[in-house]
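Residue numbers (our numbering), protein chains in the order written: chain P, 1 to 214; chain R, 215 to 428.
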DNA sequence: CAAGCTCTAGGACAACTGTCCTAGAACCTG
DNA sequence: CAGGTTCTAGGACAGTTGTCCTAGAGCTTG
């Protein structure tokens, strides 16, 4: 809803739309649309419309066409989430860090008014990506997320292989919960998935947290 | 590759394609294509081409158009998987049942030559599904899968709420692993996810299986 | 003010989409 | 074989898509 400078994307009803940050607005708009409607379900015209840009801006700012928009949007969204995960994992004990990551996921991917979705997953599932350009970007993001979570656990004494498995499972479960929540039309499936992950974390760390019912 | 009667879909190079099972062939072809290219990435013409059918067959057999093809394909694929999960959960101890489910997932969703994919998830992520018809079918399938897995655990003494969380987490993790494997272009992410789930299962059941390295 | 560059604005185009339509082949029933 | 039903075959159509293009607005520098 707000781009990286913090200013609103569309300042009111019908903004003049003639500033120099068109490219950045398009990246944000594309990430939002991919989240909502998927990569194949989003047209270049949808992107420029939401970004209040002109169609000519597409090939001026993104000579690589739709693919490059996908690359940039997935990279932007993936980096943004990675930074927040890394921040959450840097200065907290594993239990709190994972809890923060799960809250982050609920806030970014599941909740937020509209239906659940993830721009990185959307780009990874693109049908036209024959050369794997888009998938590579998505893979990079997933990798960063996993690495951050795993690192948080190993620094607390969990064995590296076990931490890697937990991190992979957590990222996969969250991405899968997006699909389940889409299908269910609500947030409930995520709640179960999140609590299941926390069950596992409790066992991993050998602690028992109060709000995990038997 | 083979339809529900067991006979090959296309008996050789260019079959005469004039039998009466056109509808069933189209459902199978649609499920395959949705798995490979997603719902929005698959055209009606792709479906009839793979099913060796004529374009007129679309609205003859599916008066509801593409949406109905999606409904039938997701229902068919979802039921098929549900039956196999239920069978695996009916006659085995939880450890073996979950292991069988995970092997099933690897075989159906992740492996199989081409890229990872799931027709049910593809239908759930459709962009045009404004009235929720497609999502309802997908939700139904996910629900059956979860219920079967959870039931297997509760019948072995695991508390119902905990079993439900584990089942939700397992289904979500597998669906998410499909996305991770798409992005990675290989099966490796799934291996970690699967072993993470088995770690959790070991703890849930209080056993220690030999091939789960620390 | 003049020249030059960056960027917006939207027309044009071929390819493709879902949908509907009519013709005729194939089959079943009498 | 006649009559009717079921299904295949593909043409037609309006709408959309990604892409490329030219025209000009707006800013920056001399």
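By construction, the Cβ of each residue, glycine as well, lies at the ideal position given by its N, Cα and C atoms.
Can the beta-carbon of residue i be found closer than 8 Å to that of residue j?
i	j	result
residue 336 (chain R)	residue 248 (chain R)	yes
residue 334 (chain R)	residue 362 (chain R)	no
residue 169 (chain P)	residue 411 (chain R)	yes
residue 323 (chain R)	residue 388 (chain R)	yes
residue 401 (chain R)	residue 325 (chain R)	yes
residue 397 (chain R)	residue 191 (chain P)	no
residue 386 (chain R)	residue 78 (chain P)	no
residue 403 (chain R)	residue 366 (chain R)	no
residue 32 (chain P)	residue 45 (chain P)	no
residue 332 (chain R)	residue 372 (chain R)	no
residue 314 (chain R)	residue 304 (chain R)	no
residue 298 (chain R)	residue 316 (chain R)	no
residue 150 (chain P)	residue 127 (chain P)	no
residue 133 (chain P)	residue 71 (chain P)	yes
residue 54 (chain P)	residue 47 (chain P)	no
Which two residues bound the contiguous alpha helix (DSSP H) that contains residue i?
i	result
residue 68 (chain P)	66 to 90
residue 200 (chain P)	188 to 205
residue 273 (chain R)	270 to 275
residue 341 (chain R)	Per DSSP, residue 341 (chain R) belongs to no alpha helix (DSSP H) and is neither H nor E.
residue 307 (chain R)	Neither: residue 307 (chain R) is in no alpha helix (DSSP H) and is coded neither H nor E.
residue 246 (chain R)	236 to 251
residue 170 (chain P)	160 to 184
residue 260 (chain R)	258 to 264
Can you list, in chain order, the residues of its chain whose CB lies under 8 Å from that of residue i, leaving out five sequence neighbours each side?
i	result
residue 255 (chain R)	none
residue 82 (chain P)	141, 144, 145 and 148
residue 206 (chain P)	none
residue 320 (chain R)	401, 404 and 408
Beta-carbon within less than 6 Å of residue i's beta-carbon, same chain only, minus the 5 sequence neighbours each way: which residues are those?
i	result
residue 69 (chain P)	30 and 62
residue 98 (chain P)	201
residue 409 (chain R)	none
residue 252 (chain R)	336
residue 180 (chain P)	189
residue 234 (chain R)	none
Kindly list, in the order they appear in chain P, the residues whose Cβ is closer than 7 Å to that of residue i.
i	result
residue 251 (chain R)	127
residue 407 (chain R)	168, 169 and 172
residue 254 (chain R)	38, 40 and 41
Identify the contact partners of residue i in chain R, using a Cβ-Cβ distance below 8 Å as the criterion.
i	result
residue 54 (chain P)	Those do not exist, as residue 54 (chain P) stays about 24 Å from chain R at its closest Cβ, beyond 8 Å.
residue 166 (chain P)	410 and 413
residue 132 (chain P)	399
Could you list which residues in chain R have their beta carbon closer than 9 Å to that of residue i, in chain order?
i	result
residue 93 (chain P)	Within chain R, no residue comes near residue 93 (chain P); the closest Cβ sits about 20 Å away, beyond 9 Å.
List the residues of chain P that residue i touches, going by C-beta distances under 9 Å, in chain order.
i	result
residue 333 (chain R)	Within 9 Å Cβ-Cβ: nothing; residue 333 (chain R) doesn't reach chain P, min ~12 Å.
residue 356 (chain R)	179, 180, 183, 184 and 189
Find the residues of chain R that neighbour residue i, judging by a C-beta separation of less than 7 Å, and give them in chain order.
i	result
residue 157 (chain P)	Here the premise fails: no neighbours, minimum Cβ distance about 12 Å.
residue 173 (chain P)	383, 386, 387 and 390
residue 138 (chain P)	397
residue 135 (chain P)	396, 397 and 399
residue 124 (chain P)	393, 396 and 397
residue 60 (chain P)	The contacting residues do not exist; residue 60 (chain P) stays about 27 Å from chain R at best.
Apart from the five residues on each side of it in sequence, which residues of its chain come closer than 7 Å, Cβ to Cβ, to residue i?
i	result
residue 228 (chain R)	With a pLDDT of 32 at residue 228 (chain R), under the threshold of 50, the modelled position of this residue cannot be trusted, and the question is left open.
residue 422 (chain R)	With a pLDDT of 45 at residue 422 (chain R), under the threshold of 50, the predicted position of this residue should be treated as unreliable, and no value is reported.
residue 300 (chain R)	362
residue 328 (chain R)	250
residue 154 (chain P)	160 and 163
Please list the partners that residue i has in chain P, where partner means a Cβ-to-Cβ separation under 8 Å.
i	result
residue 300 (chain R)	Correct list: empty, because the minimum Cβ distance to chain P is about 19 Å.
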